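In our numbering, the protein residues as written are 23 to 104.
Taking it in order: structure first as structure tokens, then the write-up.
Next up, the structure:
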């Protein structure tokens with residue numbers, strides 16, 4: 023069986039995940055600037071319906087930089103319940 027080449031979309035997501043990971047680990051970017059970029063990546067990734075793996079990499083990078091995504095949910099899972 024011959025392994026198939028990844029689709030252009032798969033390659034794009036792989037490159038995006040690598041860029042995010044390298045930026046966070048390498049500290050090649052100002053933290054606040056990187057957080058702003060990650061927020062834009064998150065919005066775009068959701069609108070483009072990118073893979074859950076890509077969304078997880080973005081969320082993890084934001085968490086590592088101290089930027090918790092605001093979900094509006096509490097521990098109980100209901101909005102506004104405490």
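Ideal Cβ positions, reconstructed from N, Cα and C, are used throughout, including at glycine.
These numbers were taken from a predicted model, which means no experiment stands behind them.
Look up residue i in the DSSP assignment and say whether it is helix, strand or coil.
i          : result
residue 71 : coil
residue 27 : coil
residue 96 : Residue placement at residue 96 cannot be trusted, given a pLDDT of 39 that sits under 50; the coordinates are not used to answer.
residue 90 : coil
residue 49 : coil
Give me, in chain order, the residues of the same chain whose beta-carbon lies closer than 7 Å to that of residue i; leave out the 5 immediate sequence neighbours on both sides.
i          : result
residue 41 : none
residue 98 : Interpretation of residue 98 is limited by its pLDDT of 39, a score under 50 that renders its predicted location unreliable; no figure is taken from the coordinates.
Near residue i, what residues of its chain come up, given a Cβ to Cβ distance below 8 Å and the 5 sequence neighbours on each side ignored?
i           : result
residue 63  : 38, 42, 80
residue 105 : Coverage of the chain is limited to positions 23 through 104, which leaves residue 105 absent and any answer about it impossible.
Residue i and residue j look like a contact to me (Cβ under 8 Å); what is the Cβ gap, rounded to whole Å?
i          : j          : result
residue 57 : residue 84 : 7 Å
residue 27 : residue 76 : Actually they do not touch by this definition, with Cβ atoms about 19 Å apart.
residue 46 : residue 87 : 7 Å
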